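What follows is one structure encoded as structure tokens, with my remarks underneath.
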DNA sequence: GGGGTCCATGACGGTAAGGCATACCAGCCA
DNA sequence: TGGCTGGTATGCCTTACCGTCATGGACCCC
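Residue numbers (full-length UniProt numbering), protein chains in the order written: chain A, 1 to 302; chain B, 1 to 302.
And the structure:
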């Protein structure tokens, strides 16, 4: 008895999504089907491949080794498909994953610089949360990820082999306030002044801590708007609808009517932008991207 | 719709065996099942993969490209299987195919020499007919083949890319006769003297010309024994049961009671021992084997 | 403790895979 | 020309698997 191709596909999706249910919806299956496929894989290999934990699953060591080979097999049939369709092979393309706010910061400039210096390198980009990106690296769905990390800066996950990570820049969080607001009076505001404010947050998700609300702000934050987009959030701030947190890289792109101020009186809210990838040989295109990203990160205010 | 793993396995087997029926028996399937799998593959890819000809099938260009990727995928799941079972990975092993009489000639000595100079290189060996070996190279089931070739030395097959071949040695056929026979009187015999003789031939197959009977011998050969094994054939000769052809490499291993003589009066029966492999990068272990085989071939009488 | 989120599992239908028998086709030989 | 011998294709049938639905059980959080 041996694994089926769909089984391997399911394995990869589980590895990437971190749960049977998420993998199922992604693949257009039922959760039940994915559960069965997972069971079939474990039966076929005779080993436990998944660690069922609350809130999802992670791969066991055996699951990771199977995943490693599964990706090779799946990529081979995908390559066959492309080649038989007459499409060009995909190697040389670097798949880059980014956390949401990287998209408006270093990423476009780094890619533009890269296109000038190395026009042959093709890059595809995918935006996702940090844990999703870490899983995607392990599932070999992306080659490189730009991640956000907050103290304490632990390892990205506790699977083997540990991911190779490289700090691109270390910044401190800022607060975006309407230009007319009393909070915009000085260059800094006190933490206590953040009580009883209207907040503009990111999309609320159970997994991630709410983005947009200053961590440790006193009282229960009153979230009046949620928006995914930085531009939306900043324009909401400009319209006086509320306040929100922003990374400092946005400093020179804020629309008129928005002021960025620092917050005093709490712990320093330091953020790192981290580059992560699987350990092992690094193809030249990837090293070039890393070089471009580092160069661009160095040029940012920090 | 995409190909299944068993479909790819069937494809590889068809490529290797050269016919649906042979692939079926090899895989333990019915010919019908293989035919359906082949049809399913062609339906899935939307292209003709097989050239149905009399006596079997060959792969079309599309079939060959699919095969190339299929082998990668199948090897990946095989590697996963091995690794999950705790077996060592198989890379570094060179799979060598040989035509039958190579087994008693250069092969053992070359492998012995290789084991002395490079004990780390593992070699597996498989014996098959020349066309089967050529197909096995294309199916990537073997990495290298030692083939016999007779004039005119054409290309090994007419598929793309053409196989890379390298002549190891060029020899001329000899005749093994019982020591007491009138044929053993001198060092040579005349072609006409071969009429009305008892012959010891190889296993008769419809595909291959009968081995063992001197090509162009006058009259209809009277085959009184057939044997696969060189030692068997030579002992049959020693016992006076008949005569047979042998490659000259056996010269120093013939049992007592057997004499090797040349044949005059016909076209020179030249044979080449040829090394063949797919074009492309050559892993170091393979180059070492090639080196050992060439060295051993050079030390043979030729 | 109730609700939400996750995985497991019994029951069920549809599809596809493989076996069997047969049709069919091309070459070969008498 | 008419079997015979390779080979492939295909209609019919059974079976086994795959995915869905619905439900149950474990766990966390509020």
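Note that beta-carbon positions come from the ideal geometry of N, C-alpha and C, so glycine has one too. Note that the structure is a prediction, hence the values are computed from the model and not measured.
Check the C-beta distance from residue i over to residue j and give it rounded, since I have them as a contact under 8 Å.
i                     : j                     : result
residue 246 (chain A) : residue 178 (chain A) : With a Cβ gap of about 13 Å, residue 246 (chain A) and residue 178 (chain A) do not count as contacting.
residue 67 (chain A)  : residue 59 (chain A)  : 6 Å
residue 40 (chain B)  : residue 76 (chain A)  : That pair is no contact at about 18 Å.
residue 285 (chain B) : residue 94 (chain B)  : 5 Å
residue 117 (chain A) : residue 96 (chain A)  : That belief does not hold up - the Cβ atoms of residue 117 (chain A) and residue 96 (chain A) are roughly 16 Å apart, past 8 Å.
residue 175 (chain A) : residue 243 (chain A) : 6 Å
residue 201 (chain A) : residue 219 (chain A) : Their Cβ separation, rounded to whole angstroms, is 15 Å, which puts residue 201 (chain A) and residue 219 (chain A) out of contact at 8 Å.
residue 292 (chain A) : residue 113 (chain A) : 5 Å
How long is the line joining the alpha carbons of residue i and residue j, rounded to whole angstroms?
i                     : j                     : result
residue 10 (chain A)  : residue 27 (chain A)  : 8 Å
residue 115 (chain A) : residue 274 (chain A) : 22 Å
residue 47 (chain A)  : residue 92 (chain B)  : 27 Å
residue 129 (chain A) : residue 61 (chain B)  : 43 Å
residue 206 (chain A) : residue 3 (chain A)   : Model confidence at residue 206 (chain A) stands at a pLDDT of 48, short of 50, so the residue's coordinates are unreliable and nothing is read from them.
residue 51 (chain A)  : residue 134 (chain A) : 17 Å
residue 197 (chain A) : residue 6 (chain A)   : 50 Å
residue 237 (chain A) : residue 224 (chain A) : 11 Å
residue 289 (chain B) : residue 72 (chain A)  : 28 Å
residue 56 (chain A)  : residue 159 (chain A) : 15 Å
residue 191 (chain B) : residue 199 (chain B) : 14 Å
residue 235 (chain B) : residue 211 (chain B) : 17 Å
residue 153 (chain B) : residue 229 (chain B) : 26 Å
residue 248 (chain A) : residue 20 (chain A)  : 37 Å
residue 25 (chain A)  : residue 255 (chain A) : 38 Å
residue 214 (chain B) : residue 263 (chain B) : 9 Å
residue 240 (chain B) : residue 122 (chain B) : 41 Å
residue 317 (chain A) : residue 84 (chain A)  : Shown here, chain A extends from 1 to 302; a query on residue 317 (chain A) therefore has no answer.
residue 44 (chain B)  : residue 29 (chain B)  : 21 Å
residue 120 (chain B) : residue 233 (chain B) : 36 Å
residue 287 (chain A) : residue 42 (chain A)  : 37 Å
Can you tell me whether residue i is helix, strand or coil according to DSSP?
i                     : result
residue 214 (chain A) : coil
residue 90 (chain B)  : coil
residue 226 (chain A) : strand
residue 344 (chain A) : No statement about residue 344 (chain A) is possible, as the shown extent of chain A runs from 1 to 302 and does not include it.
residue 128 (chain B) : coil
residue 37 (chain B)  : helix
residue 319 (chain A) : Residue coverage of chain A in this structure runs from 1 to 302, which leaves residue 319 (chain A) outside it and unanswerable.
residue 299 (chain A) : helix
residue 7 (chain B)   : helix
residue 121 (chain B) : coil
residue 243 (chain A) : strand
residue 97 (chain B)  : strand
residue 12 (chain A)  : helix
residue 272 (chain B) : strand
residue 182 (chain B) : helix
residue 19 (chain B)  : coil
residue 167 (chain B) : strand
residue 116 (chain A) : helix
residue 277 (chain A) : strand
Which residue's Cα is closest to the Cα of residue i: the options?
i                     : options                    : result
residue 150 (chain A) : A:140, A:172, A:132, A:133 : A:172
residue 167 (chain B) : B:155, B:215, B:2          : B:155
residue 261 (chain B) : B:163, B:79, B:193         : B:193
residue 165 (chain B) : B:280, B:25, B:44, B:243   : B:280
residue 163 (chain A) : A:145, A:113, A:241, A:152 : A:145
residue 70 (chain B)  : A:65, A:78, A:63           : A:78
residue 87 (chain A)  : B:81, B:94, B:65           : B:65
residue 276 (chain A) : A:294, A:252, A:56         : A:294
residue 49 (chain B)  : B:12, B:232, B:141         : B:12
residue 53 (chain B)  : B:195, B:18, B:136, B:36   : B:18
residue 170 (chain B) : B:148, B:84, B:184, B:256  : B:148
residue 283 (chain B) : B:161, B:143, B:269, B:31  : B:143
residue 188 (chain B) : B:240, B:231, B:265        : B:265
residue 268 (chain A) : A:14, A:31, A:217          : A:217
residue 100 (chain A) : A:278, A:183, A:221, A:227 : A:227
residue 137 (chain B) : B:287, B:15, B:271, B:8    : B:15
residue 98 (chain A)  : A:109, A:90, A:186, A:126  : A:126
Relative to the ligand GTP, is the shortest distance from any of its heavy atoms to the C-beta of residue i smaller than 8 Å?
i                     : result
residue 293 (chain B) : Ligands in the displayed structure: none, and consequently the ligand GTP is not present.
Could you tell me which residues DSSP puts in a beta bridge with residue i?
i                     : result
residue 50 (chain B)  : B:59
residue 254 (chain B) : According to DSSP, residue 254 (chain B) bridges with nothing at all.
residue 262 (chain A) : A:188
residue 154 (chain A) : Partner(s): none; residue 154 (chain A) has no beta bridge.
residue 174 (chain B) : B:246
residue 149 (chain B) : B:272
residue 144 (chain B) : B:96
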